[in-house]
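Each remark here refers to the structure printed beneath this line.
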Amino acid sequence: MLSVLNVIAPVFILIGLGFFAVRLKLYPQSGVAGLIAYVNNFATPCLLFRAMIDVDFGAAFNLAIIGPYYAGAVSVLALGAIFAARLFKRRPGEAVAVGFSAMFTNTVLVGIPVMQRAYGDEAMPIVYSIIGLHAPILMTLGMFVMELVRRDGGKVTTALWQGLRKAFSNPILIGIALGLAANAAGLELGGLADEVTLLLAGTVMPVALFGLGGALNEYRLGETWTQALMTSGMQLIVHPAIAWLLMVPVLGVDPHIARYGVLLAAMPAGINVYIFATYYNRATDVAANTILLSTLLSLFTITGWLLLLGA
1 MLSVLNVIAP
11 VFILIGLGFF
21 AVRLKLYPQS
31 GVAGLIAYVN
41 NFATPCLLFR
51 AMIDVDFGAA
61 FNLAIIGPYY
71 AGAVSVLALG
81 AIFAARLFKR
91 RPGEAVAVGF
101 SAMFTNTVLV
111 GIPVMQRAYG
121 DEAMPIVYSI
131 IGLHAPILMT
141 LGMFVMELVR
151 RDGGKVTTAL
161 WQGLRKAFSN
171 PILIGIALGL
181 AANAAGLELG
191 GLADEVTLLL
201 AGTVMPVALF
211 GLGGALNEYR
221 LGETWTQALM
231 TSGMQLIVHP
241 AIAWLLMVPV
251 LGVDPHIARY
261 GVLLAAMPAG
271 INVYIFATYY
281 NRATDVAANT
291 ILLSTLLSLF
301 TITGWLLLLG
311 A
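The numbering of the sequence shown is our numbering, which starts it at 1 and goes up by one.
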């Protein structure tokens, strides 16, 4: 238990520091968006660029882990949308937005720090392989499903193109692509390029967690907290449970390797759930509540998964 607390405590202390720094006006709320933009557009792409240069493709792109991870993600999208429609009487487009809130997890701002502290460098190639596919697959899928069901929707082909364009213009994906190209060409970093990217990559964990904590001040639990509790449960419990069942009992993956994908599936909601909801103006209240509630609850659920999987 002590080893689990050693993994979790620094992560959530930094989130709490960011939250109270903004709440007590020790750090300006207006600066939070800049911190997150810095992490997403500069620091994390450098981190992933460096990681991809040295990645072992045989170990990283393990379909027995990647496949169940995304099967679990698609499952909670469907379940979240069905529950939103049947239990909470949401209209079709709103139900999809609720399902997306259950599906899109925070693999960068929370996932990378937690995985790094929990399992070290050994886990990171698999983590990065999942992150590299995260935005292209899930953003495109979410937009595709939304355009299929909403009554005032546009062309499905337009949605697919928008999803792919947003994904492939993502600096994180660009950093991965450049790293993979350097790997294939047999290039090695040296000199100033090595020093600068190393400095930027080293800032990901503290800046990401502080910025996320500050961003939580923007969200308030409202009337849709019960729906947010459902979507949070889908993210924090159902998704990783499905991933584990498919990886270990079905595909026979070594539990010590499977836990990398399972724990990453147990991360809280990413800010993209709110971006998606506001883009379509559907269930923005649920998206905001899901970010806040899932982040708070993840302190306990990630601790539970670490105890079950072994820290």
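By construction, the Cβ of each residue, glycine as well, lies at the ideal position given by its N, Cα and C atoms. Everything numeric in this text was worked out from a predicted model, so none of it was measured.
Where Gln227 is concerned, the enclosing alpha helix (DSSP H) starts and stops at 225-233. Counting C-beta pairs with one atom in each stretch, the stretch 133-140 and the stretch 281-301 have fewer than three that are closer than 8 Å, which means they do not touch. Each of Glu94, Tyr128, Gly18 was checked against the Cα of Val55, and the nearest Cα belongs to Tyr128. Here Ala184 is exposed: its Cβ has fewer than 16 other Cβ atoms, across all protein chains shown, within 10 Å. Annotation: Val250 to Trp244 spans about 9 Å, alpha carbon to alpha carbon. About 4 Å separates the beta carbon of Phe210 from that of Gly18, a gap short enough to meet the 8 Å contact definition. Residue pairing by DSSP places Ala269 opposite Thr105 in a beta bridge. Boundaries of the alpha helix (DSSP H) around Val74: 63-86.
Secondary structure at Ser169: coil, using DSSP grouped into helix, strand and coil.
Cβ neighbours of Trp305 within its own chain (closer than 8 Å, five residues either side excluded): Pro240, Val262, Leu263, Ala266. Around the C-beta of Thr226, fewer than 16 other C-beta atoms lie within 10 Å, and the residue is accordingly described as exposed. When the five nearest sequence neighbours on each side are left out, the beta carbons in the same chain lying within less than 8 Å of the beta carbon of Leu187 are those of Ile53, in order along the chain. Going by C-alpha positions, Pro92 is about 23 Å away from Tyr70.
Within the stretch 98-146, no run of beta strand (DSSP E) reaches 3 residues while sitting entirely inside it.
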